[in-house]
Amino acid sequence: MYFLKRFLELIPIFFAISIIIFVIMNSMPGDPLLQMRMQNPRAMTNDPERMKELREYYHLDDPLPVKYFTWLKSVLTGDLGYSSMYKSPVIDLIASRLPNTLVLTITAWLIGLVFALPIGIISAVKKYSTFDYATTIFAFIGISLPGFWFALIAIIIFSVNLGWFPVSGMATYGITGFWNIFADRVRHLVLPAFVLGLVQVASWVRYIRTSLLEVLDQDYVRTAYAKGVPDRKVIIKHALKNAMIPIITIIALDIPYFFGGALIIETVFSWPGMGRLMYNAVISSDYNLAISCLMFLAIITLISNLVADFLYVMVDPRIRMGRKGA
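No gaps in the numbering here: position 69 of the sequence shown is 69 in UniProt numbering, and each next residue is one more.
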């Protein structure tokens with residue numbers, strides 16, 4: 001019942017976001033038909049009657065509320081429109097690019113989690129040690145420098161100078177055999193996934209360290225130490241479990257960041273995913289494709305909130321009990 005209530009609360013938020021995105025995209029300057037003509041002048045006609053038919057087909061002269069409900073009706077029936085740039089249905093473009101982005105972002109998210117969690121825990125337990133100072137410096141550097149800079153440095157070092165990984169792309173043409181293709185895909189994935197994941201490690205380490213330090217100063221933790229409970233058990237069973245709520249918040253709600261941050265990383269590494277698709281759509285004023293990509297990010301954000309609520313209850317069932325009693 002708790003999760004059903006949380007899911008129902010997200011429905012009006014979804015429609016509110018769709019209205020905002022639709023209004024912003026339709027407020028952009030320029031005529032879509034003019035943009036289409038600039039992209040492909042041979043395919044666009046100068047016939048006034050044909051132009052009038054196209055304006056009616058794309059509902060360009062309809063009032064904004066009418067345009068929104070027409071678009072919403074199409075979206076709810078699975079019709080995301082037609083891309084003026086790629087000359088293909090938007091849903092087909094997203095279906096072809098989404099798996100690539102999922103592979104990149106999930107791998108990057110797992111890399112970030114694998115590195116940030118132990119580093120943050122050790123940094124909190126060994127407060128003011130050399131390791132703690134070193135991770136603090138690393139975190140400040142990581143937070144301050146942009147992701148595309150790390151991406152370019154990684155390409156220069158590991159691709160250009162050392163030649164360990166490909167410079168860009170997702171696969172090498174001409175490779176045959178299942179294991180050869182698999183190894184080639186992994187080589188292409190390593191650099192963009194590590195850059196995207198390690199950029200986020202810097203901020204996660206700070207959150208994990210701060211959250212765990214607050215719990216380690218509590219009386220029940222000191223009592224557990226006084227009773228002779230092993231350090232590992234105190235940290236994992238008592239301290240970390242009670243520090244997980246703010247940690248879950250930042251890690252779960254950063255899932256949309258990976259999809260948004262993938263826009264820059266995919267562009268730098270020429271990774272054929274949703275990020276590059278969205279970038280090209282906005283640059284080319286491909287409204288149907290741009291709106292669909294932005295709505296996809298909004299849905300990911302809402303889902304990450306739902307995942308965070310689920311993990312809250314898994315860690316601390318009292319949250320669900322408190323909601324029922326409210």
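Ideal placement from N, C-alpha and C gives every residue a C-beta, glycine not left out.
Give the straight-line distance between the Cα atoms of residue i and residue j, rounded to the nearest whole angstrom.
i           : j      : result
Leu306      : Arg6   : 7 Å
Thr77       : Ser144 : 44 Å
Phe14       : Leu302 : 8 Å
Val205      : Asp217 : 19 Å
Val313      : Val234 : 22 Å
Ile119      : Phe258 : 20 Å
Ala183      : Ser96  : 21 Å
Leu277      : Thr267 : 9 Å
Ile155      : Ser84  : 33 Å
Gly147      : Gly177 : 34 Å
Arg185      : Phe3   : 38 Å
Ala139      : Ala202 : 4 Å
Thr135      : Ser123 : 7 Å
Asp309      : Asp219 : 28 Å
His188      : Ile21  : 34 Å
Leu240      : Val215 : 8 Å
Phe150      : Val195 : 7 Å
residue 365 : Thr105 : Outside the modelled stretch of the chain, which goes from 1 to 326, sits residue 365, for which no answer is possible.
Leu80       : Val221 : 54 Å
Ala116      : Ile208 : 8 Å
Leu198      : Met170 : 20 Å
Met274      : Val229 : 49 Å
Ser18       : His238 : 43 Å
residue 366 : Leu263 : There is no way to answer for residue 366, as the model of the chain reaches only from 1 to 326.
Lys126      : Thr223 : 19 Å
Ile181      : Asn288 : 34 Å
Ser159      : Leu191 : 9 Å
Leu297      : Phe165 : 30 Å
Is it buried or exposed for residue i, if we count other Cβ within 10 angstroms and need 16 for buried?
i           : result
Gly112      : buried
Ala226      : exposed
Glu9        : exposed
Gly163      : exposed
Ala326      : Any reading at Ala326 needs caution, since the residue's pLDDT is 39, under 50, leaving its predicted position unreliable; the model's value is listed next. The residue is exposed, with fewer than 16 neighbouring Cβ atoms inside 10 Å.
Trp109      : buried
Met244      : buried
Thr130      : exposed
residue 328 : Outside the modelled stretch of the chain, which goes from 1 to 326, sits residue 328, for which no answer is possible.
Ser211      : buried
Trp271      : buried
Asn193      : Before going further, note that residue 193 is Ala rather than Asn in the sequence given. With 16 or more other Cβ atoms within 10 Å, it is buried.
Asp92       : exposed
Trp179      : exposed
Ser74       : exposed
Ala16       : exposed
Ile121      : buried
Phe269      : buried
Asp231      : exposed
Thr70       : exposed
Thr172      : exposed
Pro63       : exposed
Leu294      : buried
In the DSSP output, which residue or residues are listed as bridge partners for residue i?
i     : result
Tyr82 : Pro89
Pick helix, strand or coil for residue i, following the three-state DSSP scheme.
i      : result
Tyr133 : helix
Pro12  : helix
Lys67  : helix
Val313 : helix
Val160 : helix
Gly120 : helix
Ser18  : helix
Pro99  : helix
Ile175 : coil
Phe3   : helix
Gly142 : helix
Gly169 : coil
Ser27  : coil
Thr107 : helix
Lys233 : helix
Lys127 : coil
Asp62  : coil
Thr77  : coil
At a Cβ threshold of 8 Å, is residue i touching chain D?
i      : result
Asn280 : The structure shown has no chain D; it contains just one protein chain.
Residue i: beta carbon under 7 Å from a heavy atom of the ligand MG?
i      : result
Val313 : As far as ligands go, the structure on display features none, and thus does not contain the ligand MG.
4-residue-minimum alpha helix (DSSP H) runs that sit fully inside the segment 236-310, ordered along the chain = 241-253, 255-269, 274-283
ask   = What are the start and end residues of each continuous beta strand (DSSP E) run of 3 or more residues lying completely inside the segment 186-231, in chain order?
value = none
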